[in-house]
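Protein chains in written order, with this note's numbering: chain A, 1 to 211; chain B, 212 to 422; chain C, 423 to 633; chain D, 634 to 844. All C-beta atoms, glycine included, are put in the ideal place defined by N, C-alpha and C. Please read all numbers here as calculations on a predicted model, not as lab measurements. To keep things clear, I will list the structure first and then write my remarks on it.
Number of protein chains: 4
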Amino acid sequence: MTSAPRTARGARTRAALLEAAEHVFAELGYADASVVRITERAGVAQGTFYLYFDSKLDLFDELVDDLNRRVRRAMSEASAAAPDRLSAERAGFRAFFAFTAEHPALYRIIRAAEFVSPRALHRHYDRIVEGYAEGLAEAQRHGEVRPDLDPDVAAWALMGIGELVGMRWVLWERDAEGGVPDHVLDQVALLVDGAIGRRTAPATTREENGS
Amino acid sequence: MTSAPRTARGARTRAALLEAAEHVFAELGYADASVVRITERAGVAQGTFYLYFDSKLDLFDELVDDLNRRVRRAMSEASAAAPDRLSAERAGFRAFFAFTAEHPALYRIIRAAEFVSPRALHRHYDRIVEGYAEGLAEAQRHGEVRPDLDPDVAAWALMGIGELVGMRWVLWERDAEGGVPDHVLDQVALLVDGAIGRRTAPATTREENGS
Amino acid sequence: MTSAPRTARGARTRAALLEAAEHVFAELGYADASVVRITERAGVAQGTFYLYFDSKLDLFDELVDDLNRRVRRAMSEASAAAPDRLSAERAGFRAFFAFTAEHPALYRIIRAAEFVSPRALHRHYDRIVEGYAEGLAEAQRHGEVRPDLDPDVAAWALMGIGELVGMRWVLWERDAEGGVPDHVLDQVALLVDGAIGRRTAPATTREENGS
Amino acid sequence: MTSAPRTARGARTRAALLEAAEHVFAELGYADASVVRITERAGVAQGTFYLYFDSKLDLFDELVDDLNRRVRRAMSEASAAAPDRLSAERAGFRAFFAFTAEHPALYRIIRAAEFVSPRALHRHYDRIVEGYAEGLAEAQRHGEVRPDLDPDVAAWALMGIGELVGMRWVLWERDAEGGVPDHVLDQVALLVDGAIGRRTAPATTREENGS
DNA sequence: AATGAATGAGAGTTCATTCAT
DNA sequence: TATGAATGAACTCTCATTCAT
Numbered sequence: 001m002t003s004a005p006r007t008a009r010g011a012r013t014r015a016a017l018l019e020a021a022e023h024v025f026a027e028l029g030y031a032d033a034s035v036v037r038i039t040e041r042a043g044v045a046q047g048t049f050y051l052y053f054d055s056k057l058d059l060f061d062e063l064v065d066d067l068n069r070r071v072r073r074a075m076s077e078a079s080a081a082a083p084d085r086l087s088a089e090r091a092g093f094r095a096f097f098a099f100t101a102e103h104p105a106l107y108r109i110i111r112a113a114e115f116v117s118p119r120a121l122h123r124h125y126d127r128i129v130e131g132y133a134e135g136l137a138e139a140q141r142h143g144e145v146r147p148d149l150d151p152d153v154a155a156w157a158l159m160g161i162g163e164l165v166g167m168r169w170v171l172w173e174r175d176a177e178g179g180v181p182d183h184v185l186d187q188v189a190l191l192v193d194g195a196i197g198r199r200t201a202p203a204t205t206r207e208e209n210g211s
Numbered sequence: 212m213t214s215a216p217r218t219a220r221g222a223r224t225r226a227a228l229l230e231a232a233e234h235v236f237a238e239l240g241y242a243d244a245s246v247v248r249i250t251e252r253a254g255v256a257q258g259t260f261y262l263y264f265d266s267k268l269d270l271f272d273e274l275v276d277d278l279n280r281r282v283r284r285a286m287s288e289a290s291a292a293a294p295d296r297l298s299a300e301r302a303g304f305r306a307f308f309a310f311t312a313e314h315p316a317l318y319r320i321i322r323a324a325e326f327v328s329p330r331a332l333h334r335h336y337d338r339i340v341e342g343y344a345e346g347l348a349e350a351q352r353h354g355e356v357r358p359d360l361d362p363d364v365a366a367w368a369l370m371g372i373g374e375l376v377g378m379r380w381v382l383w384e385r386d387a388e389g390g391v392p393d394h395v396l397d398q399v400a401l402l403v404d405g406a407i408g409r410r411t412a413p414a415t416t417r418e419e420n421g422s
Numbered sequence: 423m424t425s426a427p428r429t430a431r432g433a434r435t436r437a438a439l440l441e442a443a444e445h446v447f448a449e450l451g452y453a454d455a456s457v458v459r460i461t462e463r464a465g466v467a468q469g470t471f472y473l474y475f476d477s478k479l480d481l482f483d484e485l486v487d488d489l490n491r492r493v494r495r496a497m498s499e500a501s502a503a504a505p506d507r508l509s510a511e512r513a514g515f516r517a518f519f520a521f522t523a524e525h526p527a528l529y530r531i532i533r534a535a536e537f538v539s540p541r542a543l544h545r546h547y548d549r550i551v552e553g554y555a556e557g558l559a560e561a562q563r564h565g566e567v568r569p570d571l572d573p574d575v576a577a578w579a580l581m582g583i584g585e586l587v588g589m590r591w592v593l594w595e596r597d598a599e600g601g602v603p604d605h606v607l608d609q610v611a612l613l614v615d616g617a618i619g620r621r622t623a624p625a626t627t628r629e630e631n632g633s
Numbered sequence: 634m635t636s637a638p639r640t641a642r643g644a645r646t647r648a649a650l651l652e653a654a655e656h657v658f659a660e661l662g663y664a665d666a667s668v669v670r671i672t673e674r675a676g677v678a679q680g681t682f683y684l685y686f687d688s689k690l691d692l693f694d695e696l697v698d699d700l701n702r703r704v705r706r707a708m709s710e711a712s713a714a715a716p717d718r719l720s721a722e723r724a725g726f727r728a729f730f731a732f733t734a735e736h737p738a739l740y741r742i743i744r745a746a747e748f749v750s751p752r753a754l755h756r757h758y759d760r761i762v763e764g765y766a767e768g769l770a771e772a773q774r775h776g777e778v779r780p781d782l783d784p785d786v787a788a789w790a791l792m793g794i795g796e797l798v799g800m801r802w803v804l805w806e807r808d809a810e811g812g813v814p815d816h817v818l819d820q821v822a823l824l825v826d827g828a829i830g831r832r833t834a835p836a837t838t839r840e841e842n843g844s
C-alpha cells in the first residue's frame, strides 16, 4: 500500500509521475505505456514509481479521475458564462474540443479504458452525464428545451456527438489553432439546437405544409 | 507473407481463427488477447496461426474490416426498407444497436483500435460516414433534411449518438431482448429528427412569433 | 497450464530442466535459485521453462516428489536384502546416508521446503514415515521390536536420527568415500537397536540388579 | 558498521526490531521476510533498521544466536532439576517441545538457515550438542549411560529425535496445551532410554536366553 | 536517533514469432 | 497443411540498501 507523500519532495515526484503518465499514455496507450517509459520521462528510478502508486492500473485510474475533473470544470466554466441555452451549448462544446486538443490524453485514455478499467470508464461518463442531464432538465423547466425530451438519453447522445466530432476534427485533423474549425462548430450548434430546442410548430404542421 | 488458403480445409481453419479471434478480442481486448488463446479456442496449434496471418495485428485489421462490412450491411438493409427519412433513421439505429448487442466485439474492438491500428480505425469510421453522409445529401435533395446542414459533420455527429447510446444501453445495461429499450430508441429518433429534419418555420420565425 | 511433452525432444528438454534444477536448488536453495540460472544450466531459453512447468514452485514440488521416490526406493532395496531387523536398520541408514551424499539436493531442498511448499514437505515425510512405521509394526509382530513401542512415533524419531546425523557427517564433514564413517554408522546402529530392540529382562530387573 | 545503542530509547528500538524480526521470520521465512515488514511491525522507519544492524543477514545471525541461548537455558534448567538421567531426558525433551511451541521461530528459522547462514546454523547445533554430549559423558561416568556409546554421535542422534518429533507434533499438529501429547512424550522417553540406557545383560545374553 | 524518499538490480512470468519436422 | 518446441525480449513489480534531512 502506498501512502500520500509526506514531504514536499515526495509531492513533487508524485506530480512528475502523473504528468509523465498523461503524456506516455496519450502517446502509446495503456498497454504499451510501460512503467519504465513513464519513470524515464519523469526522471526517476523504476522503483520510485511504486512509492506512489500501487500499480500501473492504479495510476491509470487516478489519471482518468483527474482528467475527468478537469474537463468538467472547463466545460461548466465555459457554459456558465453564456446568456442562453444555445450559446451555452456552443460554449460547452467549444471548451470540450479545446480541452481535447490540449489534452489528447483524455480522449485516448478514455477510449482505451474499456478493457483496462471499466470502472474508471463508467465513473468518467457517469459524472459528465450527471451534470449534463441536470443542466438539460433545468433548461426544460425554463422552457428552453423541448419538454418531451428525456434529459438522460439526451445527455448521452450529445456527449456522443462531442466524442466523435472531437475525434474527427481535433484528434485526426485539427486546424491551426488546435480547435475544430468554426464551420464544424457551427454545424454542431445547429444540430444540437435542432435536437433539443423547442419547435415553433408541432410536427403535424409540417405535413400540412408539405401537402 | 501468407497467401489465401488453397484447400477447403485451409479455408475452414482460417475461418475458425477469425471467429475465435472475434470472441477473444471482444472478451479481453487486443493487448490481452494472446495468440495462444486464439489458437486454443480455434483448436489449432500456435504455429498454424502464421500460416494464415502475418501477425496478430494483421488479423486484427482483417477483423475490423470484416465487422465493418457486416455492420454497414445490417444498417443499410434495415434503412433501405423504410418509407421515409425519419423511419429510415429509426430503423438504422435499431439495426446498429441490434448488431452491437449480437457482436459486442465490434464495439469493443473498435474502441480499442485507437492505439492498435489507427489506420483500421480510420477506415472503419470513414466507410460508415461515407455512406451515411451520402444518404443525408440525397435526403437533402428530396427536401427531407434541412438544407443548411453539412452532411459530413452531421454523419459524424449522428454516429456519435449511436456510439454512446449503444455503449450505455447495449453494452452496459441491455434489456431482456438484448436491444435498447423502446423508450430510448424513441428518444434517439426524436433527437435525430430534430437535429436533421426540416423545420416548418426558419429559426428566426420563432423569434418573430415570440414577440 | 503445461502439458506433458509430446515429442522425444520435449521429454529430453524437460528432463534437462529437472536435472539442472536439482543441482541449482541444492547449491543455492530455493530462494536464490532463479529460473534464469536453472535454464542456463539446462542450456535452454528462459521461456522454455514455462513450457514444462507452471512456475518455479511447481518444479520444486515435482523435484521433491521425485527425490522422495528415489530415496525410498534406495532405502527399501537396501533393507530388504538384510537377514534380520538389526542389519536391516543398519543397511537402511547406510543407504540413506549414501543417497544423501550423492544427492545433497534431497537434504537441502527438504529443509528449505518448510516455507516454500509445506505441502510438499508434508508429503515427503509422511511417505517415508508410512513405510517405516509399517516395517516396524511388522517387526513387532515377529518379535523383533519391543511390543510397547508406537511404530509411528518411533518412525519419526528414527527419521530424525538419520536427518541430523546425515547433516553432521554427510553434508558438513563427509569422509573420503562420501558416506558416514563406519564408527558413526556403528553408533547409530547401536542407538537404534537399543531404542527399538527387545530387552532381555524387564526394566525392573535392572533396578534389582543394581541394588 | 553499527554500534551498540547509546541511549535507552535506542535500546528499545533495537529490541523492538529483534522481536518483530522473530515473528516475521517465523511467519514468512528468511527470504520472504522483507526489511519493510520487519520495520513496519516494529513501528519504525526503514532507514532506522540500518542504525542497528548491518544487514538483514546480520539481524538473522543475531536472532539465531539469541534463540539458541534461550532454548539451551530452557532445556538445561528443566533437566537440572531432575533426580536421574531418565527423568532428566524426559524433562529436557519436554522443555524443548514447550519452547518450540512458544517460539516456532526457533524451529522454522533454524531449518531455513541452511542456505541463509550456514555459520549460524553450525553454531546453533554445535552449541547444543556440546552441552548435550558433555551431559552424556558425565552420565556415563556415573554409570547411567551405556559405556560403549560415543556421546557425540548420541547427542546428534537425540537432537534429531527432538527435531522431527517436534516438527510433527508441535509445529504440524499441536495439542490443546501447545505441547506434544503425553503419549508421544512417553514414547520418546522410552526410545531415548532404550537407546542410551545401560542394559542389564549384554546383547549376547539374549541369544543364550533364547536358546 | 530517526525519517522517508530514492535507487536500480533482479526476480518470475508472458508472449509474438520462428522453425524443424 | 499442421504441429509443438523453442526463443528471448519485454513486462510488472519487489527489495535490500543508501542518503539527505
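4-residue-minimum alpha helix (DSSP H) runs that sit fully inside the stretch 351-395 of chain B, ordered along the chain: Those alpha helix (DSSP H) runs which fall completely within the stretch 351-395 of chain B and span 4+ residues are 362-377.
Using only alpha-carbon positions, find the residue among D:Gly662, D:Val762, D:Glu771 and D:Arg774 that is nearest to D:Arg786. By 1-based counting over the fourth sequence, the position of residue 786 of chain D is 153. Note that residue 786 of chain D corresponds to Val in the displayed sequence, not to Arg. Selected option, being the one with the closest Cα: D:Val762.
List the whole-angstrom C-beta distance separating A:Phe60 from A:Ala101, where the pair is believed to meet the contact cut-off of C-beta under 8 Å. Here residue 60 of chain A refers to the residue found at position 60 when the first sequence is read from its first residue. Here residue 101 of chain A refers to the residue found at position 101 when the first sequence is read from its first residue. That belief does not hold up - the Cβ atoms of A:Phe60 and A:Ala101 are roughly 22 Å apart, past 8 Å.
Examine the Cβ distances between the stretch 320-328 of chain B and the stretch 107-124 of chain A and report whether three or more of them are shorter than 8 Å. In short, these stretches touch, since the Cβ pair count reaches three.
What's the call for D:Leu727, buried or exposed, on a 16-neighbour Cβ count within 10 Å? Taking the fourth sequence and counting its residues from 1, the one referred to as residue 727 of chain D is at position 94. It is worth fixing the name first, because residue 727 of chain D is Arg in this sequence and not Leu. Label assigned to D:Arg727: buried.
Does DSSP classify D:Thr837 as helix, strand or coil? Here residue 837 of chain D corresponds to residue number 204 of the fourth sequence, with the count starting at 1. Bear in mind that a pLDDT of 39 at D:Thr837, under 50, signals an unreliable position, so the number given afterwards is only what the model happens to contain. Helix, per DSSP.
Does B:Gly258 get closer than 8 Å to chain A when you measure Cβ to Cβ? For this step, residue 258 of chain B is matched to residue 47 along the second sequence. Taking Cβ atoms only, chain A never reaches closer than 8 Å to B:Gly258, which makes this a no.
So what does D:Gly830 bridge to, in DSSP terms? As a working note, residue 830 of chain D is residue 197 in the fourth sequence. Listed as beta-bridge partners of D:Gly830 by DSSP are D:Val778.
Interface residues of chain A around B:Met370 at Cβ under 7 Å? Counting from 1 along the second sequence, the entry for residue 370 of chain B is found at position 159. What B:Met370 touches in chain A: Leu164.
What in chain B is Cβ-close to A:Ala133, meaning under 8 Å? Taking the first residue of the first sequence as 1, we reach residue 133 of chain A at position 133. One finds nothing in chain B with a Cβ atom closer than 8 Å to the Cβ of A:Ala133; even the nearest lies about 12 Å away.
Other residues of its chain near A:Asp193: CB distance less than 8 Å, five sequence neighbours each side excluded: Translated into positions along the first sequence, residue 193 of chain A becomes position 193. Cβ within range, chain order: Leu86 and Glu89.
Close Cβ partners of D:Ala788 (< 7 Å) along its chain, the five nearest in sequence each way excluded: Reading the fourth sequence from its first residue, position 155 is the one you call residue 788 of chain D. The residues are Val762, Tyr765, Ala766 and Leu769.
Reduced DSSP category for D:Val821 - H, G, I as helix; E, B as strand; rest coil: As a working note, residue 821 of chain D is residue 188 in the fourth sequence. Of the three classes helix, strand and coil, the one that applies to D:Val821 here is helix, per DSSP.
Less than 8 Å between CB atoms is the rule here; does A:Leu28 satisfy it with respect to chain B? Indexing the first sequence from 1 puts residue 28 of chain A at position 28. A:Leu28 counts as touching chain B.
Chain D beta carbons: is any one of them nearer than 8 Å to that of C:Val606? Here residue 606 of chain C refers to the residue found at position 184 when the third sequence is read from its first residue. Yes - at least one Cβ of chain D is within 8 Å of the one on C:Val606.
Just to confirm the assignment, what range does the alpha helix (DSSP H) spanning A:His23 have? As a working mapping, residue 23 of chain A is identified with position 23 in the first sequence. Residues Ala8 to Asp32.
So A:Leu191 contacts chain B; which residues on that side make the cut at Cβ distance below 8 Å? Residue numbering aside, residue 191 of chain A sits at position 191 when the first sequence is read from its first letter. Here the neighbours are Leu360, Val364, Ala365, Ala368, Ala406 and Ile407.
Say whether chain A places a C-beta atom closer than 8 Å to the C-beta of B:Glu273. Sequence index remark: in the second sequence, residue 273 of chain B carries index 62 (1-based). B:Glu273 does not count as touching chain A.
Could you please tell me which residues of the stretch 102-122 of chain A, in chain order, have their CB closer than 7 Å to any CB of chain B? Of all residues in the stretch 102-122 of chain A, those with a C-beta nearer than 7 Å to a C-beta of chain B are Arg108, Arg111, Ala112, Glu114 and Phe115, reading in chain order.
Anything in chain D within Cβ reach of C:Arg590, meaning under 7 Å, just list it in chain order. On the third sequence, residue 590 of chain C is found 168 positions in, with the first residue counted as 1. Residues of chain D whose Cβ lies closer than 7 Å to the Cβ of C:Arg590 are, in chain order, Trp789.
On the CB-based measure, 16 or more other CB atoms within 10 Å of its CB, does B:Leu268 come out buried or exposed? Residue 268 of chain B sits at position 57 when you count from the first residue of the second sequence. Label assigned to B:Leu268: exposed.
At a Cβ threshold of 8 Å, is A:Val24 touching chain B? By one-based count along the first sequence, residue 24 of chain A stands at place 24. A:Val24 does not count as touching chain B.
Of the residues D:Asp699, D:Pro716 and D:Ala675, the one placed nearest D:Leu650, counting alpha carbons only: In the fourth sequence, counting from the first residue as 1, residue 650 of chain D sits at position 17. For D:Leu650, the nearest C-alpha among the options comes from D:Ala675.
When the Cα atoms are used, what is the spatial distance from C:Asp570 to C:Gly619? If you number the third sequence from 1, residue 570 of chain C lands on position 148. If you number the third sequence from 1, residue 619 of chain C lands on position 197. Spanning the two alpha carbons is a distance of roughly 11 Å.
Would you mind telling me which residues of chain A sit closer than 8 Å to B:Asp265, beta carbon to beta carbon, in chain order? As a first step, residue 265 of chain B is located in the second sequence; it is residue number 54 there, counting from the start. Residues of chain A whose Cβ lies closer than 8 Å to the Cβ of B:Asp265 do not exist, since the nearest Cβ in that chain is about 20 Å away.
What does the Cβ neighbour count give for C:Val602, buried or exposed, with the cut at 16 atoms within 10 Å? Start at 1 with the first residue of the third sequence, and residue 602 of chain C comes out as number 180. Within a 10 Å sphere around the beta-carbon of C:Val602 sit 16 or more other beta-carbons, which makes this residue buried.
Can you list, in chain order, the residues of its chain whose CB lies under 7 Å from that of C:Leu612, leaving out five sequence neighbours each side? Taking the third sequence and counting its residues from 1, the one referred to as residue 612 of chain C is at position 190. Once the five neighbours on either side are set aside, C:Leu612 has no close Cβ partner at all.
Could you work out which residues of chain A lie near B:Val399, taking near to mean beta carbons separated by less than 8 Å? Here residue 399 of chain B refers to the residue found at position 188 of the second sequence. Within 8 Å of the CB of B:Val399, the CB atoms of chain A belong to Val153 and Ala157, in sequence order along the chain.
Going by C-alpha distance, which of C:Met589, C:Thr424, C:Val606 and C:Leu586 is nearest C:Ser477? Sequence index remark: in the third sequence, residue 477 of chain C carries index 55 (1-based). Considering only alpha carbons, the answer is C:Thr424.
Helix or strand or just coil, what does DSSP make of D:Gly676? For the purposes of this step, residue 676 of chain D is taken as the residue at position 43 of the fourth sequence. Here D:Gly676 sits in coil by DSSP.
Could you have a look at B:Thr311 and say whether DSSP puts it in helix, strand or coil? Position 100 of the second sequence holds residue 311 of chain B. Helix.
Since C:Tyr529 contacts C:Leu580 with CB under 8 Å, what's their CB separation in whole angstroms? Here the question's residue 529 of chain C lines up with position 107 in the third sequence. Here the question's residue 580 of chain C lines up with position 158 in the third sequence. Not confirmed; about 16 Å, so no contact.
Below-8 Å beta-carbon distance, C:Ala453 vs any chain D residue: As a first step, residue 453 of chain C is located in the third sequence; it is residue number 31 there, counting from the start. Cβ-Cβ to chain D under 8 Å: yes for C:Ala453.
Is the separation between the beta-carbon of C:Ala496 and that of C:Phe521 shorter than 8 Å? Start at 1 with the first residue of the third sequence, and residue 496 of chain C comes out as number 74. Start at 1 with the first residue of the third sequence, and residue 521 of chain C comes out as number 99. Yes, the pair counts as a contact, with Cβ atoms nearer than the cut-off.
Can you tell me whether C:Thr684 is buried or exposed? The criterion is at least 16 other CB atoms within 10 Å of its CB, across all chains shown. Outside the displayed range of chain C (423 to 633) lies residue 684 of chain C, so it cannot be described from this structure.
Closest by CA to C:Val446, which one among C:Arg590, C:Asp548, C:Ser498 and C:Leu485? Walking along the third sequence from the start, residue 446 of chain C turns up at place 24. Its Cα nearest to that of C:Val446, the residue C:Leu485 stands out among C:Arg590, C:Asp548, C:Ser498 and C:Leu485.
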